[in-house]
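Data first, discussion second: the structure below is written as structure tokens.
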Amino acid sequence: MKEAISAVPVAPPYRGPSNPQVAADLDIPFSRPFLTGNEQKYVAEAIGTGAIGSDGRYTRACASLLKQRFRIQDVFMVPSCTAALEMAAMLCGLAEGDEVILPSFTFTSTANAVILAGARPVFVDIRPDTLNMDESLIEACITRRTKAIVPVHYGGVSCDMDRIMAIANKHNLFVIEDAAQAVNATYGGRALGSIGHLGAYSFHSTKDYTCGEGGALCVNSPELSQRAEIIRDKGTNRGRYLRGEVDKYTWVDTGSSYVPSELNCAYLYAQLEKMDTIKLQRRRVFDSYQKNLRSYEKAELLRLPRVPDGCETNCHTFYTLLSSASLRDEALDHLRSKGIKASSHYVPLHCSVMGTRYGYRQGNFPVTEDLSARLLRLPLYPDLTDNQVMEISAILGEFVTTFQEPASGAVRAGHLRTATAPW
Ligand SMILES: *Cc1c(COP(=O)(O)O)cnc(C)c1O
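This note's numbering numbers the first residue of the sequence shown as 350 and each following residue consecutively.
Here it is, written out as structure tokens:
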């Protein structure tokens, strides 16, 4: 037994993200978690206290940091954004036959939460400038069965929340912000996740602030907080018991276990404390891509991300839109052959196996289909150097300049001129 254990290979100590060897080889991952330096200390501290269960010191510290920083009424730390979305769906009281409006251009969790609650996802197309749900199409989707709208803030750039909240208020609908990618981004000075009735954050390892797997549910509607606490804790009123409000706790509602480990929250707290440092580094990389690729945009060889007035992005994603799907696919392969892990993004949900099961098919949402096929995301993480960004940009720029479109897939005229929608 002892031998078996010592035979387990010991990984070399993680030297953190700044590994010069990696940079020299141009082996550039798509994303790389950033270490602030306090993660080990806080996790060790949590282990030392023995209090590694639910809602320990760090779990509470994370929730209160998010709550205060972003002016959210109540924040509940959860194991993932997926869990937060599921809780949000339950809190809206979704039932069989209800409908929820969301973009097709999103991650599966946004739609799964709706389906798991027994409701039906109703997809809408996206805006060509931000790739966020097109708010002008929402009202046409509203029926007597509509219960909620789920705006997804793609890449950390806000949806048109004023318009979406106005529509929701007019029709008495809930708004659940899928702010998985939008922690520490704002709209009109307000933090994303603090605007809808409910909001969901992700701390997955590919997101800006991470603990490997983690999330938070933001509650901005007073009447939902108490039930959120109960649903998160297996349908019990244990929270009230712990506060001394009742003398024993019991089963009072449906619920599940949506409580994260204190160890994860200890790690996460180190990241949240340094939120602005991380954001500044991401902004440096984002701005550097903009600067290096601007001339290619001017030449209409590609299109860069748009951040509407009044929105501040957390620089979660840097994407470019190329002039055709074939160019995008070839550019992806080319960058990868150079050691640069660029990436496409969502296969539109309405074109997926599950999407067809809900009656959708290719052709339903032309903007989503067009843009998702031409979208290329570039590596973005705090340790990416300006030189690396310059090099990646030059490799992509040269490729799009010299690319010969196969005869059959001619570039559609005006392809890159669609993105002029006024905010
Ligand atoms: C990452 C992501 C999720 C899921 O987050 P997890 O924390 O991995 O559950 C949901 N929605 C969007 C838009 C995401 O980007």
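Backbone N, C-alpha and C fix where the C-beta goes; we use that ideal spot for every residue, glycine too.
Just so it is clear, the structure is predicted and the values come from calculations on it, not from any experiment.
### Task
Please confirm whether any heavy atom of ligand 1 lies closer than 7 Å to the CB of F456.
In the sequence shown, the residue the question calls residue 456 occupies position 107. Indeed, a heavy atom of ligand 1 lies less than 7 Å from the Cβ.
### Task
With S333 as the anchor, note down where its beta strand (DSSP E) starts and where it stops.
For residue 333 there is no data in the structure shown, the boundaries of the chain being 350 and 772.
### Task
From the DSSP output, in three-state form, read off T431 for me.
Here the question's residue 431 lines up with position 82 in the sequence shown. Residue state, collapsed to three classes: helix.
#### Entry: the segment 563-583 contacting the segment 419-434, beta-carbon criterion three pairs below 8 Å
yes
### Within 8 Å, strictly: CB atoms of R292 and S701
Past the edges of the chain, shown from 350 to 772, lies residue 292, and the structure says nothing about it.
### Supposed close pair H683, F748 - CB separation, criterion 8 Å
For the purposes of this step, residue 683 is identified with residue 334 of the sequence shown, where counting begins at 1. For the purposes of this step, residue 748 is identified with residue 399 of the sequence shown, where counting begins at 1. With 8 Å as the limit, H683 and F748 qualify as a contact, their Cβ atoms being about 5 Å apart.
### C-alpha distance - T585 paired with M624, whole-angstrom precision
Here residue 585 refers to the residue found at position 236 when the sequence shown is read from its first residue. Here residue 624 refers to the residue found at position 275 when the sequence shown is read from its first residue. Distance between the alpha carbons of T585 and M624 is about 33 Å.
### Query
Considering only residues of the segment 570-643, which uninterrupted alpha helix (DSSP H) runs meet the minimum length of 4 residues and lie entirely inside it, listed in chain order?
571-581, 587-591, 611-622
### Query
At what residue ranges does the segment 477-501 contain a whole run of the beta strand (DSSP E), taking only runs of 3 or more?
495-498
### Query
With Y695 and F379 assumed to form a contact (beta carbons below 8 Å), what rounded beta-carbon distance in angstroms separates them?
As a working mapping, residue 695 is identified with position 346 in the sequence shown. As a working mapping, residue 379 is identified with position 30 in the sequence shown. Y695 to F379, Cβ: 15 Å. No contact.
#### Entry: CA nearest to the CA of N533, picked from R652, S570, R418, L653
Numbered from its first residue, the sequence shown carries residue 533 at position 184. The shortest C-alpha separation from N533 is found at R418.
### Message
Is D511 close to ligand 1? I mean its beta-carbon at under 7 Å from any heavy atom of the ligand.
### Response
The count along the sequence shown starts at 1 and reaches residue 511 at position 162. Every heavy atom of ligand 1 is 7 Å or more from the Cβ of D511, so no.
### Message
Below 8 Å, how does it come out for the segment 457-473 and the segment 436-443: are there three or more Cβ pairs, yes or no?
### Response
yes
### Message
Quick check: the Cα distance between D658 and L720, rounded to an integer number of angstroms?
### Response
The residue labelled residue 658 in the question sits at position 309 within the sequence shown. The residue labelled residue 720 in the question sits at position 371 within the sequence shown. Answer to the nearest angstrom: the Cα atoms are 22 Å apart.
### Message
Among N736, L415, L650, G704, whose alpha-carbon lies nearest the alpha-carbon of S673?
### Response
As a first step, residue 673 is located in the sequence shown; it is residue number 324 there, counting from the start. Nearest of N736, L415, L650, G704 to S673, Cα basis: L650.
### Task
Give me whichever residues DSSP pairs with G563 in a beta bridge.
Taking the first residue of the sequence shown as 1, we reach residue 563 at position 214. The partner list for G563 (beta bridge, DSSP) is empty, contrary to what the question assumes.
### Message
Three or more C-beta pairs under 8 Å: does that hold for the segment 488-508 against the segment 639-648?
### Response
no
### Query
From which residue to which residue does the beta strand (DSSP E) around P452 run?
Numbered from 1 along the sequence shown, position 103 holds the residue referred to as residue 452. Run containing P452: 448-452, per the beta strand (DSSP E) assignment.
### Query
So what's P470 in DSSP terms, helix, strand or just coil?
By one-based count along the sequence shown, residue 470 stands at place 121. Strand at P470.
### Query
Taking buried to mean at least 16 other C-beta atoms within 10 Å of its own C-beta, is Q630 buried or exposed?
Position 281 of the sequence shown, counting from 1, holds the residue named residue 630. So Q630 counts as buried.
### Query
When the Cα atoms are used, what is the spatial distance from A360 to Y391?
Locating residue 360 in the sequence shown gives position 11, where the first residue counts as 1. Locating residue 391 in the sequence shown gives position 42, where the first residue counts as 1. With a pLDDT of only 48 at A360, under the threshold of 50, the placement of this residue in the model should not be trusted, and no figure is reported.
### Query
What are the partner residues of Y407, as DSSP defines its beta bridges?
By one-based count along the sequence shown, residue 407 stands at place 58. None, per the DSSP bridge assignment.
### Message
Any heavy atom of ligand 1 closer than 7 Å to the beta-carbon of Q530?
### Response
Position 181 of the sequence shown, counted from the first residue, corresponds to residue 530. Because some heavy atom of ligand 1 lies under 7 Å away, the Cβ of Q530 counts as near it: yes.
### Task
Determine the burial state of K628: buried for a count of at least 16 other Cβ atoms within 10 Å of its Cβ, exposed for fewer.
Walking along the sequence shown from the start, residue 628 turns up at place 279. K628 comes out buried.
#### Entry: Cβ-based neighbour list, A517, same chain, cut-off 6 Å, excluding 5 preceding and 5 following
Indexing the sequence shown from 1 puts residue 517 at position 168. Excluding positions up to five away in sequence, the list reads I498, V524.
### Query
Excluding five sequence neighbours on each side, which residues of the same chain lie with their C-beta closer than 6 Å to the C-beta of S570?
Here residue 570 is taken as the residue at index 221 of the sequence shown, counted from 1. Correct list, in chain order: H546.
### Query
Which whole runs of the alpha helix (DSSP H) in the segment 652-733 are 4 residues long or more, in chain order?
674-686, 702-706, 715-723
### S543 versus F752 - alpha carbon distance
Working through the sequence shown from its first residue, we reach residue 543 at position 194. Working through the sequence shown from its first residue, we reach residue 752 at position 403. Between S543 and F752, the C-alpha separation is close to 44 Å.
### Collapsed DSSP secondary structure at K464 in the structure displayed
In the sequence shown, residue 464 corresponds to position 115, counting from 1. Sequence inspection shows Ile at residue 464; the Lys mentioned does not correspond to that position. The answer is helix: DSSP assigns I464 an H, G or I state.
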